[in-house]
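A.B. asks: The structure follows.
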Amino acid sequence: MIKRTLRPAPTWEHQLSLSLCTVIKADVETMVTAIKSAWMRFALQQRIHHVDGLGTLQFASQRTRTRSRLKMSQPKPAPEPEARVTTHLAMKDGHFVDQHGRVALLRGVNLGGSSKLPFGYGHTDDQDFSAFFDGAASVSFVGCPFPLEEADLHLSRLQRWGLTFLRFIVTWEAIEHAGPGQIDREYLQYIRAVVEKAAEYNMLVYIDPHQDVWSRWTGGDGAPMWTLECIGLEPRNFEPTKAALCLETCGLPASQFPKMIWPTNYGKLACATMFTLFWAGKKYAPKCYVDGVQIQEYLQSHYLDSLAALAEALKGLPNVAGYGTMNEPSNGWIGTKDLQNSVGFRNGYAPSPLAAMALGEGIAQDVEVWGAGIMEMMRGKPMRVEHIDPKGVRAWKHGASCIWKEAGVWGLDAQGKPKILKPDYFSGVDFGTEFFLPFARKFTKRIQSISPKAMIFTEMPPTESGDLVFPQISNEDIPLAVNAMHWYDLITLFTTTWRSYFTLDFTTGKPAFGNAALRKLHQKQLAHTASFGREKMANAPTLIGETGIPYNMNHAQAFDTGDFSAQVEALDNTIYNLESQLLSFTLWNYTADNSHKFGDLWNLEDLSISSPDSEALARRLSGVRRRDDSARALRAFARPHGRRIAGIPSKSQFDLKTAEYVLEYTSDKTTSSAVTEIYVPYAHYPQGYRVTASDGHFTIDKHEGYDVVKHEHDDHAHKHRVVVSPTKPLHSGHSNLPVYLALAVALVSPYIKASTK
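Each residue of the sequence shown is one higher than the last, beginning at 1 in the UniProt record's numbering.
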């Protein structure tokens with residue numbers, strides 16, 4: 001076993017104790033000078049800690065020795081940036097592997113949260129929404145996720161934080177907003193420039209065609225407005241008919257829009273209709289044609305054409321790992337057993353499909369109103385029922401008929417009241433096999449005809465419910481498929497409150513009490529999600545495409561106090577559980593223009609790991625400018641991890657409380673002989689760290705704010721263990737200052753008495 005300790009400068013306690021030792025042979029004046037000297041050295045160290053940005057010490061490596069922290073006249077050598085490396089990502093035996101055959105545990109972030117909306121547009125109180133409808137064709141997404149001139153700032157920050165795998169957010173609207181077939185070439189050029197810049201920071205990218213509840217006009221983001229209009233829907237009438245809930249049209253200031261209510265749109269008329277037509281228009285609306293093309297083919301072909309245009313623009317860039325099929329797709333009403341019962345995520349107004357169709361025709365209906373609190377979730381009942389009267393306003397354009405009425409799903413009885421005719425119209429099908437998989441095959445064929453080695457990051461609807469199950473996907477169906485399903489601690493996400501002692505199992509409705517039970521449940525959920533890749537996708541690797549926490553939790557108290565300890569604990573819980581399952585992941589999200597009041601500038605979501613407002617708050621409270629002040633819960637996400645492993649990992653786990661990271665892996669003749677790389681951020685080791693390896697040897701490459709430990713294992717050993725731990729055990733957080741002051745008083749008292757005699 002080899003062991004090397006990286007030693008920092010002496011602590012202030014040690015300096016103070018050395019000074020106190022001189023008191024015995026000194027008079028009072030000399031003693032005071034000695035103590036003042038120790039305190040000055042301590043203050044100087046604290047000043048240097050702030051300059052370093054992460055509150056860290058500079059560690060010695062094999063090639064350099066640490067400069068004395070007291071020799072301020074001698075500038076410390078600048079750490080070297082990481083050499084640019086082109087990584088070719090592939091897959092083998094259920095793992096991601098690089099060109100050296102090393103297992104890659106990918107860790108990154110979604111970039112970025114406000115890319116769902118046009119550049120310069122946000123869900124804020126001062127945003128002008130007057131062009132929400134009439135200006136839909138003339139928007140621009142150039143500058144999303146950030147202006148190109150700011151790219152170095154943001155990408156270097158993410159590299160320093162160890163988040164080097166980017167799920168890059170684009171939307172169908174961003175590419176084809178002007179009209180069918182009209183591609184925004186300027187936007188595609190901008191995306192290529194940002195991806196090229198990411199390569200300078202050794203970042204891999206996969207393109208995420210993002211959507212939430214279909215489009216901005218149905219309460220989310222994704223598709224252009226013309227997709228709604230082409231089937232006869234009138235987005236301007238969605239509010240009175242409750243066909244959609246939009247922040248722009250609900251009548252409330254943005255700051256008063258209900259948090260996390262947007263998913264309620266999945267069950268409403270506009271969103272559910274569009275997804276049903278997108279996946280299965282041929283089956284359920286066979287007479288619906290646009291420009292002579294059946295609606296299913298019309299929508300899918302334009303979606304594929306827009307993403308193919310982007311793939312052509314990015315062709316040849318080696319750091320593009322692949323493309324996602326679609327973010328969190330919805331099955332619409334496909335699979336619904338009874339159209340008289342409300343379906344989907346119920347929060348606020350939750351009309352049944354029949355009631356939604358009737359409201360869309362301007363007919364008054366009684367509608368359930370649901371809450372999103374813990375008790376409502378456990379009780380499973382609506383808070384009340386309200387009578388909604390659109391007063392004849394229709395969700396359809398003048399002269400356009402309700403598609404579902406035309407299909408014979410519902411009609412009017414003799415008294416003119418809505419009547420269900422085919423309550424099981426959408427039931428008795430397998431969504432995944434019959435509708436999703438044929439689309440995914442077309443998507444894969446189109447993308448891989450442009451980029452043959454592109455991985456296909458595959459997502460099904462977020463949760464399994466009822467008859468909706470994950471399909472069996474073979475290598476022939478989707479070559480180079482990746483299981484890219486999402487996972488969140490849903491109780492924390494929807495209640496914006498962290499409870500380390502309680503959660504709810506949504507599949508069973510049963511609560512879990514105690515932190516151990518909470519972690520056990522979360523790890524069980526993650527293991528189940530990962531099993532889709534192994535059991536349903538021919539042993540495909542898994543990357544959790546989204547996971548994270550709401551930073552405005554607990555009534556956003558941290559935005560006033562600067563105390564993000566609850567956020568650190570909640571995010572540590574998430575990442576600890578991900579690590580326990582050896583899962584790759586991309587956090588949701590990084591938003592360059594996040595604000596404390598309006599979050600990620602979309603529907604008041606606030607999950608960004610960085611915020612300019614957090615940066616301003618930290619500097620106001622501390623009075624010191626530090627490099628990473630924009631980070632929120634930095635200690636939770638910037639954590640040691642094995643990023644490239646020359647073998648098969650069996651453990652890669654960081655303990656936030658002890659700051660100990662453990663990597664265990666096995667190797668044989670079939671695994672890589674290259675070095676194993678471990679990312680080590682300085683944030684966790686203010687007094688230095690030690691590396692202990694079971695065999696072989698290691699070197700340390702130093703960079704700005706982090707090190708990369710490179711372990712070369714012994715070829716004769718098959719099981720390997722590398723541990724990174726603090727030079728000194730972390731104390732409980734209580735200061736030792738009272739102890740040392742008491743010691744000082746005890747030592748000084750005799751000399752004070754002697755001097756007064």
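Idealized CB from N, CA, C, for every residue including glycine.
Taking only runs that begin and end inside the region 555 to 621, name each unbroken beta strand (DSSP E) of 3 or more residues, in chain order.
C.D. replies: Runs of the beta strand (DSSP E) inside the region 555 to 621: 584 to 590.
A.B. asks: Could you tell me whether the region 560 to 578 touches the region 217 to 231, using the rule of 3 or more Cβ pairs below 8 Å?
C.D. replies: Because the criterion of three Cβ pairs below 8 Å is not met, the region 560 to 578 and the region 217 to 231 do not touch.
A.B. asks: Can the beta-carbon of valine 85 be found closer than 8 Å to that of valine 205?
C.D. replies: No, the Cβ-Cβ distance between valine 85 and valine 205 is not below 8 Å.
A.B. asks: Pull up the distance between the alpha-carbon of threonine 508 and that of leucine 521, whole angstroms please.
C.D. replies: If I take the Cα positions, the gap works out to 12 Å.
A.B. asks: Can you tell me which of the three DSSP states aspartate 366 falls into?
C.D. replies: Residue state, collapsed to three classes: strand.
A.B. asks: Tell me whether the beta-carbon of threonine 591 lies closer than 8 Å to the beta-carbon of aspartate 600.
C.D. replies: Yes, Cβ-Cβ distance for threonine 591 and aspartate 600 is below 8 Å.
A.B. asks: Mapping the DSSP letters down to three states, classify alanine 270 as helix, strand or coil.
C.D. replies: The answer is helix: DSSP assigns alanine 270 an H, G or I state.
A.B. asks: Please go through the same chain and pick out, in chain order, the residues whose beta-carbon is closer than 7 Å to the beta-carbon of phenylalanine 435, but skip the five residues on each side of it.
C.D. replies: Once the five neighbours on either side are set aside, the close Cβ partners of phenylalanine 435 are Trp279, Ala280 and Ile334.
A.B. asks: Between the Cα of glutamate 312 and the Cα atoms of Ser330, Pro452 and Met537, which residue gives the shortest distance?
C.D. replies: Closest by alpha carbon: Pro452.
A.B. asks: Name the two residues that bound the continuous alpha helix (DSSP H) containing phenylalanine 494.
C.D. replies: Counting along the chain, the alpha helix (DSSP H) containing phenylalanine 494 begins and ends at 490 to 495.
A.B. asks: From glycine 399 to glutamate 361, what does the alpha carbon distance come to, in whole angstroms?
C.D. replies: Looking at the two C-alpha atoms, the distance is approximately 12 Å.
A.B. asks: Using three-state DSSP, classify threonine 727 as helix, strand or coil.
C.D. replies: Here threonine 727 sits in coil by DSSP.
A.B. asks: Is it a yes or a no for the region 342 to 354 touching the region 242 to 254, going by three-plus beta-carbon pairs under 8 Å?
C.D. replies: Yes, the region 342 to 354 touches the region 242 to 254.
A.B. asks: At which residue ranges does the region 222 to 258 contain complete alpha helix (DSSP H) runs of 4 or more residues, listed in the order of the chain?
C.D. replies: Counting only runs of 4 or more, we get 226 to 229.
A.B. asks: State yes or no: is the C-beta of valine 675 within less than 8 Å of the C-beta of lysine 651?
C.D. replies: Not closer than 8 Å, so no.
A.B. asks: For the region 209 to 220 against the region 151 to 159, are there 3 or more C-beta pairs whose distance is under 8 Å?
C.D. replies: Segments in contact, no.
A.B. asks: What first and last residue would you give for the alpha helix (DSSP H) that runs through tyrosine 551?
C.D. replies: Taken as a continuous stretch (DSSP letters only), tyrosine 551 belongs to no alpha helix (DSSP H), as it is neither H nor E.
A.B. asks: Between the alpha carbons of threonine 66 and proline 640, how many angstroms are there, rounded?
C.D. replies: Caution applies to threonine 66, whose pLDDT of 27 falls short of 50 and renders its modelled position unreliable; the value that the coordinates give is listed next. The alpha-carbon atoms of threonine 66 and proline 640 are separated by roughly 22 Å.
A.B. asks: Measure the C-alpha to C-alpha separation of glycine 512 and arginine 499 and round it to an integer number of angstroms.
C.D. replies: Glycine is not the amino acid found at residue 512; the sequence shown has alanine there. Near 11 Å, if we compare the C-alpha coordinates of arginine 499 and alanine 512.
A.B. asks: Going by Cα to Cα distance, which pick from Cys250, Thr699, Ala646 and Ala178 is closest to glycine 135?
C.D. replies: Nearest of Cys250, Thr699, Ala646 and Ala178 to glycine 135, Cα basis: Ala178.
A.B. asks: At what residues does the alpha helix (DSSP H) containing alanine 512 begin and finish?
C.D. replies: First-last for alanine 512: 511 to 513, but that is the beta strand (DSSP E), not the alpha helix (DSSP H).
A.B. asks: Use the C-beta contact count for asparagine 552: other C-beta atoms within 10 angstroms, 16 or more gives buried, fewer gives exposed.
C.D. replies: So asparagine 552 counts as buried.
A.B. asks: Grab the span of the alpha helix (DSSP H) containing glutamine 99 for me, first residue to last.
C.D. replies: No alpha helix (DSSP H) holds glutamine 99; DSSP gives it neither H nor E.
A.B. asks: At what residues does the beta strand (DSSP E) containing serine 652 begin and finish?
C.D. replies: Start and end: 648 to 655.
A.B. asks: Below 8 Å on the Cβ atoms is my guess for leucine 526 versus tryptophan 487; work out the distance and round it to an integer in Å.
C.D. replies: About 6 Å; that satisfies the 8 Å criterion.
A.B. asks: Comparing alpha-carbon positions, which option in Pro726, Ala646 and Ile609 lies nearest threonine 633?
C.D. replies: A quick correction: the sequence has alanine, not threonine, at residue 633. When each option's Cα is compared against that of alanine 633, the closest is Ile609.
A.B. asks: Can you tell me which of the three DSSP states alanine 34 falls into?
C.D. replies: Bear in mind that a pLDDT of 45 at alanine 34, under 50, signals an unreliable position, so the number given afterwards is only what the model happens to contain. Helix, per DSSP.
A.B. asks: Fully enclosed by the UniProt domain "Glycoside hydrolase family 5 C-terminal" (639 to 724), which beta strand (DSSP E) runs are 3 residues long or longer?
C.D. replies: Complete beta strand (DSSP E) runs here, min 3: 641 to 645, 648 to 655, 660 to 666, 676 to 681, 689 to 693, 697 to 703 and 706 to 712.
A.B. asks: By the 10 Å Cβ neighbour count, where 16 or more other Cβ atoms means buried, how is threonine 670 classified, buried or exposed?
C.D. replies: Classification of threonine 670: exposed, given that the 10 Å Cβ count is below 16.
A.B. asks: Quick one: grab the DSSP three-state call for alanine 356.
C.D. replies: If DSSP states are grouped into helix, strand and coil, alanine 356 belongs with the helices.
A.B. asks: At 3 residues or longer, and completely inside the region 174 to 229: list those beta strand (DSSP E) runs for me, N to C.
C.D. replies: 204 to 210, all fully within the region 174 to 229.
A.B. asks: Jot down the residue ranges of each uninterrupted beta strand (DSSP E) in the region 74 to 154, minimum 3 residues, whole runs only, in chain order.
C.D. replies: Here the runs fully enclosed are 90 to 92, 95 to 97 and 107 to 111.
A.B. asks: Just tell me which of Ala454, Gly371 and Tyr190 has its CA closest to the CA of lysine 381.
C.D. replies: Nearest of Ala454, Gly371 and Tyr190 to lysine 381, Cα basis: Gly371.
A.B. asks: So what's arginine 167 in DSSP terms, helix, strand or just coil?
C.D. replies: Arginine 167: strand per DSSP, three-state reduction.
A.B. asks: Below 6 Å CB to CB, which residues in the same chain sit around proline 353 once its five sequence neighbours on both sides are set aside?
C.D. replies: Cβ within range, chain order: Trp333 and Leu339.
A.B. asks: Roughly how far, in whole angstroms, is the beta-carbon of valine 680 from the beta-carbon of valine 724, given that I think they are within contact range, below 8 Å?
C.D. replies: Sure, about 6 Å apart at Cβ, within 8 Å.
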